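Chains as they are written, first to last, in our numbering: chain W, 1 to 115; chain H, 116 to 226.
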């Protein structure tokens, strides 16, 4: 089925460890995003990629890096995990900005706990 | 800075009743979204509203947009238990990928 696939679904890290969250979409979307969701705060944008080869910071980029590997894949890396990064992470993709009524498609999420 | 406020944050209602969730945003935006999230699940897109006066309906849910007031409403008609979920509104602008979310409204529909 077409959509956004995230891996892993669950992860527990120790403080200071690193890891990469993977995301792939098969809808030929140009734009991809990484959000984090914390209780009572809605979703906040970490980084986004408007097109292949470009990435930009969102609202809460500190402590994260991203790579737009190709049009399909957009990864999020935590170089040195901290307890404040305990959250649920969602990847999303969307069509071309400025072309009207397009929506965002979200992946199933990664529940990350940093101890 | 673009800010999005939803109210109420928690809503408990009985089946068969009507209610409205409100979404205010702070600066001019081009698109207003409503999403649904079930516990432990991802977000499901419900509506995308593009212009002043836009109204969209799907089943017991109807969303509207007043760009002059920077206000969107999600109206629930004759609620049923299956509508229990958290509802988020979000806004963004054309050629700007920074979609901002409200904190969400947790809706519980009781028999």
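Built from N, CA and C at the ideal position, the CB exists for glycine as well. Note that this is a predicted model, so its numbers are computed, not measured.
Alpha carbon of residue 145 (chain W) to alpha carbon of residue 63 (chain W), nearest angstrom
Since the first residue shown for chain W is 1 and the last is 115, residue 145 (chain W) is missing from the structure and cannot be characterised.
Contact set between the stretch 157-177 of chain H and chain W, restricted to residues whose Cβ is under 7 angstroms from the partner
157, 158, 160, 163, 165
Using only CA atoms, which one of H:226, H:154, H:212, H:179 lies nearest to residue 220 (chain H)?
Indexing the second chain from 1 puts residue 220 (chain H) at position 105. Residue H:154 is the option with its Cα nearest to residue 220 (chain H).
Roughly how many angstroms separate the alpha carbons of residue 58 (chain W) and residue 156 (chain H), rounded to a whole number?
Here residue 58 (chain W) refers to the residue found at position 58 when the first chain is read from its first residue. Here residue 156 (chain H) refers to the residue found at position 41 when the second chain is read from its first residue. Going by the C-alpha atoms only, they are around 23 angstroms apart.
Is there contact between the stretch 7-19 of chain W and the stretch 64-73 of chain W, where contact requires at least three CB pairs shorter than 8 angstroms?
no
Could you please give the first and the last residue of the uninterrupted beta strand (DSSP E) stretch that includes residue 7 (chain W)?
If you number the first chain from 1, residue 7 (chain W) lands on position 7. 4-7 is the extent of the beta strand (DSSP E) around residue 7 (chain W).
What does residue 213 (chain H) reach in chain W if we use C-beta pairs closer than 8 angstroms?
Reading the second chain from its first residue, position 98 is the one you call residue 213 (chain H). Here the neighbours are 45, 48, 58, 59.
Under 8 angstroms between beta-carbons, which chain H residues line up against residue 103 (chain W)? List them in chain order, please.
Indexing the first chain from 1 puts residue 103 (chain W) at position 103. Within chain H, the residues near residue 103 (chain W) are 148, 160, 163.
Below 9 angstroms on C-beta distance, what does residue 63 (chain W) contact in chain H?
As a first step, residue 63 (chain W) is located in the first chain; it is residue number 63 there, counting from the start. Per Cβ cutoff of 9 angstroms: no residues; residue 63 (chain W) is ~18 angstroms from chain H at best.
Leaving out the 5 sequence neighbours to the left and right, which residues in its chain are closer than 6 angstroms to residue 134 (chain H) when beta-carbon positions are compared?
Residue 134 (chain H) sits at position 19 when you count from the first residue of the second chain. Only 128, 191 meet the Cβ criterion.
Jot down the residue ranges of each uninterrupted alpha helix (DSSP H) in the stretch 18-61 of chain W, minimum 4 residues, whole runs only, in chain order.
none
So, for residue 149 (chain H): in the same chain, excluding its five sequence neighbours on each side, which residues have a beta-carbon less than 6 angstroms away from its beta-carbon?
Sequence index remark: in the second chain, residue 149 (chain H) carries index 34 (1-based). Cβ neighbours of residue 149 (chain H) beyond the five flanking positions: 161, 162, 178, 189, 204.
The beta strand (DSSP E) that contains residue 207 (chain H), what's its start and end?
In the second chain, the residue the question calls residue 207 (chain H) occupies position 92. It spans 200-208 - the beta strand (DSSP E) in which residue 207 (chain H) sits, taken as one unbroken run.
If I follow the unbroken beta strand (DSSP E) through residue 130 (chain H), where does it start and stop?
Along the second chain, read from residue 1 onward, the residue named residue 130 (chain H) stands at position 15. Premise fails: residue 130 (chain H) is in no beta strand (DSSP E) and is neither H nor E.
Starting from the beta carbon of residue 109 (chain W), find every residue of chain H whose beta carbon is closer than 7 angstroms, and list them in chain order.
Locating residue 109 (chain W) in the first chain gives position 109, counting from the first residue. Those within 7 angstroms of residue 109 (chain W) in chain H are 157.
Mind listing the chain W neighbours of residue 125 (chain H)? Cutoff is C-beta to C-beta under 7 angstroms, in chain order.
For the purposes of this step, residue 125 (chain H) is taken as residue 10 along the second chain, with counting starting at 1. Within 7 angstroms Cβ-Cβ: nothing; residue 125 (chain H) doesn't reach chain W, min ~10 angstroms.
How about residue 214 (chain H) and residue 45 (chain W): do their beta carbons lie closer than 8 angstroms?
Indexing the second chain from 1 puts residue 214 (chain H) at position 99. Indexing the first chain from 1 puts residue 45 (chain W) at position 45. Their beta carbons are under 8 angstroms apart, which means residue 214 (chain H) touches residue 45 (chain W) by this criterion.
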